[in-house]
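Colleague: The structure follows.
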Amino acid sequence: MATIRLERITLREIRLPLVERFVISSGWMDERRILLLEIVDSDGAIAWAECVADAHPNYSPETIDTAWLAIREWLAPRLFEADPAGPEAVAAVLDVGVKGHRMAKASLEMACWGLAAEREGVALAELIGGTRERVPTGISIGIQASPEALADKAVAALDQGYRKVKLKISPGADVEYVATVREAIGRDRALAVDANAAYTLADVPLLARLDPFELIMIEQPLAAGDLVRHAKLQAALETPICLDESIVDLASTEDMLDLDAGRIVNIKPGRVGGFSVSRAIHDAALAAGVPVWCGGMLESGIGRAYNVALASLPNFHLPGDLSPSARYWAQDIVEPEWTMSDDGFVDVPRSRAGIGVDVDVERIEALTVRSETLSVHPVTV
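Residue 229 in this note's numbering is what sits at position 227 of the sequence shown, and the numbering runs on without skipping anything.
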């Protein structure tokens, strides 16, 4: 692929209100603060990407504000200087001398993949090796006020065509809630739960009570990074454990596989540092016979484009959190907005170059609350 020579990077923060409050074990959200990146190369080619960091460090140590700082102070300058030989070389450039900040790095790395796809006139999914024409879609339902309210939402989601329902759980909102949902939807529908690290090994007896509900997975029940305790928990459960926050790179994936700390991997490209790391994790899991799927971080349509492209890789067997735009936003920032078929699939936009959707720049400008442009030739005053 052609050398990447960036001319400027514009950071924008927009704020998008959610159509309904989204509640997980560590907090809730009514509005999403979103960091968008617009990169321009020396020939004037443009690509957009999104940083998935939240406003608060409750899911990850990173936040939108730390990512903004990391991009401005450390990551963008080295990318301007390096002129990497294609998007596959960007991750290594960003890792030299900068520990962590994976979400900030991912936004730049994936933007470079989007730019390369635009320049080469190919679909992003094709560029990264995706093979699927469409990908199965699941839904993540936040914690509700009662088991019955949760069951109603699960039934409604399946009626809309979603191929998997994932329930957020936390201590006190778990077994009874799952039992009510399972009874409401029947035994033949795909059901999973996500704890967002809300439990400890002291909860083994409680979590074992979920086994009879024939769940696809219990996602991230224990603390992020605690692979040894996850291995102990997996040995005590029939239900497969899926790791999310614990998987941050290829090494943590290999450790999970060696320890049998989980049997499914949730790959969020924005969490692990971008597409290059995501593909390495995908390949390691494929070689081990472990399925992967693509989780979501309440992305706008720009971030969704990158997730859909990733989910077209061959080992993404389970439905991803790739809900259509209308699931979260009254109006998205891309055209066309992401939609889902009646049978629960999202089409992979393979017939057009780049990320597959047009960015609504006017809407973004109207939503922008701050912006900053970084340049290879900064203007001094």
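Cβ atoms here follow ideal geometry from the backbone N, Cα and C, with glycine treated the same way.
No experiment lies behind these values; they were computed from the predicted model shown.
How should P173 be labelled, buried or exposed, when 16 other C-beta atoms within 10 angstroms of its C-beta is the threshold for buried?
Modeller: Exposed, since its Cβ has fewer than 16 Cβ neighbours within 10 Å.
Colleague: Since S254 is in the alpha helix (DSSP H), which residue starts that stretch and which ends it?
Modeller: Where S254 is concerned, the enclosing alpha helix (DSSP H) stretches over L252 to L261.
Colleague: On a Cα-Cα basis, can you pick out the residue from E216, G227 and G322 that is closest to P242?
Modeller: Nearest of E216, G227 and G322 to P242, Cα basis: E216.
Colleague: Name the residue from L315, G305, L300 and G346 whose alpha carbon lies nearest to the alpha carbon of R23.
Modeller: Here the closest residue by C-alpha is L300.
Colleague: Where do the ends of the beta strand (DSSP E) carrying D344 lie?
Modeller: Counting along the chain, D344 falls outside any beta strand (DSSP E), and DSSP gives it neither H nor E.
Colleague: In terms of alpha-carbon separation, which member of L129, A175 and L96 lies closest to V310?
Modeller: Out of L129, A175 and L96, L129 has the C-alpha closest to the C-alpha of V310.
Colleague: Just tell me which of Y164, K166, D161 and A147 has its CA closest to the CA of A175.
Modeller: Ranking the options by Cα distance to A175, first place goes to A147.
Colleague: Throw me the rounded Cβ distance for the A263 and A233 pair, which I believe falls under 8 Å.
Modeller: Between A233 and A263 the Cβ distance is about 4 Å, and since that is below 8 Å, they are a contact.
Colleague: For V383, which residues in the same chain have their Cβ closer than 8 Å to its Cβ, ignoring the five residues on either side in sequence?
Modeller: Its pLDDT being 45, under 50, V383 is placed unreliably by the model, and the measurement read from it follows with that caveat. Contacts found: none.
Colleague: Counting only runs of 4+ residues fully inside the segment 4–88, write out the alpha helix (DSSP H) ranges in chain order.
Modeller: The qualifying runs are 66–72 and 78–84.
Colleague: Could you pull out every residue in the same chain whose Cβ sits closer than 8 Å to the Cβ of I171, ignoring the five residues on either side in sequence?
Modeller: Same-chain partners within the cutoff: S27, I145, Y179, V180, V195, D196, A197 and A200.
Colleague: Count the other CB atoms, across all protein chains shown, that sit within 10 Å of the CB of R104; report buried if there are 16 or more and exposed otherwise.
Modeller: Counting Cβ neighbours within 10 Å, R104 comes out buried, since at least 16 surround it.
Colleague: Can you give me the Cβ contacts of M3 inside the same chain, cut-off strictly under 6 Å, excluding the 5 residues immediately before and after it?
Modeller: Result list for M3: G88 and A118, in chain order.
Colleague: Per DSSP, A204 forms a beta bridge with which residues?
Modeller: Per DSSP, none; premise fails for A204.
Colleague: When we look at the beta-carbon of T133 and count the other beta-carbons within 10 Å, is it buried (16 or more) or exposed?
Modeller: Burial call: exposed.
Colleague: If you draw a straight line from the alpha carbon of A55 to that of D190, how long is it in whole angstroms?
Modeller: If you take the alpha carbons of A55 and D190, they lie about 35 Å apart.
Colleague: Determine the closest residue to P138 out of D251, T341 and L320, with distance taken between C-alpha atoms.
Modeller: Residue L320 is the option with its Cα nearest to P138.
Colleague: Roughly how many angstroms separate the alpha carbons of W70 and D257, rounded to a whole number?
Modeller: Approximately 31 Å, taken between the alpha carbons.
Colleague: Rounded to whole angstroms, what's the CA-CA distance from I266 to M342? Just pull it up for me.
Modeller: If I take the Cα positions, the gap works out to 24 Å.
Colleague: Using 8 Å for Cβ pairs, my map puts I143 next to L169. What's the rounded Cβ distance?
Modeller: Rounded, the Cβ-Cβ distance is 6 Å, consistent with contact.
Colleague: Return the chain-ordered list of same chain residues with a C-beta closer than 6 Å to the C-beta of M219, the five sequence neighbours on each side being excluded.
Modeller: Correct list, in chain order: A194, P242, C244 and I266.
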